[in-house]
Each structure stands twice: as structure tokens, then as C-alpha cells.
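In this note's numbering, the protein residues as written are 661 to 774.
A short worksheet on the structure shown next.
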């Protein structure tokens, strides 16, 4: 199963669980309002909503090994070293340009007075 398909199945399972929770809350609110108001009509719940999560969601939840997840997203030390080096060079170049801009502005500002 591809990563995208697995993510879509997981998202569908989460939405179905949320809908089931909403249905339970609506039913509980309807019961409490019916007992408080006498014979108030209960809201209609959609019959087509599947309240049980699909079987693939429980399989995915069990196969989510933390070591496997860490290994999947862990960066190699060489890549981290390269990224840090690029970042330092970028910050050095930005600071050097800023220093040059400040010196240029000061030069023109101070030379206007004479």
C-alpha cells in the first residue's frame, strides 16, 4: 500500500470515528432534551453513516512501530552536516551584506556634512 493511500485510509477512518462520536453526542443530547422537555422530537440521524472504523485502520494503528517511524524520518548525519554548513554560509553572507550596506549608508550620510 502506498503512503498516500495509507494516509487517505487513515484520514477516512478518523472522519468516520468523528461522525460516530457526533452521532452519539446528538443521541445523548436528544435523550436529555426529551427527558427535560417531555416529548420533544429526536433529531434524525443519517442511516448511511458507517459507525465502525474500517479494519485497515486498526491494522495500521498496530503496525505503527516507533522505531520504524523514527527510521523513516531520520536524517543522515552527512545531510545534517551539509544543511548546517549551508545555513552558516548563508547567515555569514547576509551579515556581510548588511555590514556593507550600513558602511555605505554611513559613508554617504557623513560625507554630506562636509
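Just so it is clear, CB atoms sit at the ideal spot from N, CA and C, and this is done for glycine as well.
- In the three-state DSSP reduction, residue 724 falls in the coil class, being neither helix nor strand.
- Taking C-alpha positions only, residue 676 is separated from residue 682 by approximately 10 Å.
- Of the residues assessed, residue 687 falls on the exposed side of the cut-off, its CB having fewer than 16 other CB atoms within 10 angstroms.
- Counting every other CB atom within 10 Å of its CB across the protein chains shown gives residue 753 a total below 16, marking it as exposed.
- Secondary structure of residue 662 (DSSP, three-state): coil.
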